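Inspection log for the structure reproduced underneath, given as structure tokens.
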Amino acid sequence: MSRLFNESDSQVLADIIRLRRDVRGNRFNDNPVSDADIDTLLNAAMQAPSVGYSQPWQFVVIRDSSVKQAVQQTFIEANATGSMQFTGDKRAQYDALKLEGILEAPVNLAVFYQPSETAVLGQTSMPEMGKFSVVCAIQNLWLMARSLNIGVGWVSILDPLKVKKALNAPESAELIGYLCIGYVDEFLAEPELKQKGWQQTKSATEVIFKDRFS
Ligand SMILES: Cc1cc2nc3c(=O)[nH]c(=O)nc-3n(C[C@H](O)[C@H](O)[C@H](O)COP(=O)(O)O)c2cc1C
């Protein structure tokens with residue numbers, strides 16, 4: 002018989018969703034992340050929904066500091082280019098943000114999309130669905146991590162080809178997410194970019210429509 006959850010179960014899940022945060026390098030502490038912790042996170046990721054049950058994900062668990070350093074180098078270059086896309090006060094604000102924790106995090110996790118060589122049920126009209134499935138896996142992992150009080154930070158300011166080179170990734174694999182993982186002493190109550198005035202929270206009325214956009 003299938004398990005039915007009660008109201009307090011759903012409240013716990015709502016709290017985990019609400020209190021999940023992106024964690025940058027200034028917040029990780031020294032507590033080690035065990036292989037068992039990583040297995041728990043990857044197990045959550047691998048139970049994500051995927052188009053046609055294709056499970057098109059691949060994960061590289063990184064603890065080696067020379068690999069982290071190669072990735073950090075591509076962050077530095079990409080971040081300089083990223084900063085140039087903002088002007089005036091916004092650029093100064095951008096430059097003051099800490100946007101990764103590659104070296105500070107005890108574990109890095111590179112998450113790849115490995116396309117199928119044959120047609121995938123459900124992916125025949127919208128080819129991006131395979132990549133979106135990998136994002137579902139990352140979100141599962143992120144929520145499971147929060148339930149264990151483990152912080153996760155997603156770093157996307159990277160040259161994916163340079164990351165692939167550093168990891169000896171096969172040509173066919175596409176980088177979807179690069180995550181920094183480690184224990185933290187506390188999680189911010191709200192997104193840091195909101196707290197720092199970079200971006201406001203959108204209201205429900207701005208993003209939810211009934212029946213038609215207008
Ligand atoms: C696809 C994706 C890419 C992201 N890339 C970065 C990044 O490169 N650097 C960074 O500091 N945060 C990154 N973030 C984290 C977002 O800034 C963060 O999720 C958002 O500000 C909301 O904060 P919260 O996750 O703490 O609720 C990324 C998040 C997502 C979903």
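With this note's numbering applied, the sequence shown corresponds to residues 2 to 215, in that order.
Each residue gets a CB set at the ideal place from its N, CA and C atoms; glycine is no exception.
None of the values given here were measured: they were computed from a predicted structure.
Review point. Measuring CA to CA, which of T75, Q201 and K165 is closest to V61?
Key: K165
Exercise for review: Flag this pair as touching only if the segment 33-53 and the segment 127-140 have three or more C-beta atom pairs under 8 Å; answer yes or no.
Suggested key: yes
Check your understanding: Do you know how far the Cα of L20 is from the Cα of A190?
Key -> 7 Å
Exercise for review: Compare the C-beta of E187 against all C-beta atoms of chain B and say whether one is closer than 8 Å.
Suggested key: In the structure shown, chain B cannot be found, because there is only a single protein chain.
Point to revise | For W58, the first and last residue of its enclosing beta strand (DSSP E) | key: W58 to I63
Point to revise | Every unbroken beta strand (DSSP E) inside the segment 81-121 [3 residues or more] | key: 108-114, all fully within the segment 81-121.
Check your understanding: Going by other Cβ atoms of all chains shown within 10 Å of its Cβ, with 16 needed for buried, is F29 buried or exposed?
Key -> Around the beta carbon of F29, 16 or more other beta carbons sit within 10 angstroms, so the residue counts as buried.
**Study point:** Own chain partners of A167 with C-beta closer than 7 Å, once the 5 adjacent residues on each side are dropped
**Key:** V68, A71 and V72
Review point. Beta-carbon separation of A146 and L42 under 8 Å?
Key: yes
**Study point:** Contact under 8 Å by Cβ, G183 with P107
**Key:** The answer is yes: Cβ separation under 8 Å.
Check your understanding: If we ignore side chains and look at the alpha-carbon of each, how far apart do T206 and S66 end up?
Key -> Here the C-alpha atom of T206 lies approximately 46 Å from the C-alpha atom of S66.
Check your understanding: Would the beta-carbon of V135 be found less than 7 Å away from any heavy atom of ligand 1?
Key -> The answer is no for V135.
Review point. Should S84 be counted as a contact of ligand 1 given a C-beta to heavy atom distance under 7 Å?
Key: Checking every heavy atom of ligand 1 against the Cβ of S84, none is found closer than 7 Å.
Review point. Whose CB is closer than 5 Å to a heavy atom of ligand 1? List the residues in chain order.
Key: Having a Cβ closer than 5 Å to some heavy atom of ligand 1 are R22, D23, L100, W155, V156, S157, I158, P192 and L194.
Point to revise | CA nearest to the CA of G53, picked from V208, S134, F188 and N7 | key: S134
Check your understanding: Looking only at C-alpha atoms, which of S11, E105 and T82 sits nearest to A26?
Key -> Before going on, a small fix: residue 26 reads as Gly here, not Ala. The option with the nearest alpha carbon to G26 is E105.
Check your understanding: Going by Cα to Cα distance, which pick from A37, L194 and I63 is closest to L149?
Key -> A37
Practice item. Look up Y184 in the DSSP assignment and give the residues it is bridged to. Key: Beta-bridge pairing links Y184 to I151.
Check your understanding: Quick one: is P57 buried, meaning 16 or more other Cβ sit within 10 Å of its Cβ, or exposed?
Key -> That one is buried.
Check your understanding: Just the Cα atoms here: how many angstroms apart are L5 and V112?
Key -> 32 Å
**Study point:** N- and C-terminal bounds of the alpha helix (DSSP H) containing R19
**Key:** E8 to L20
Review point. So what's F29 in DSSP terms, helix, strand or just coil?
Key: strand
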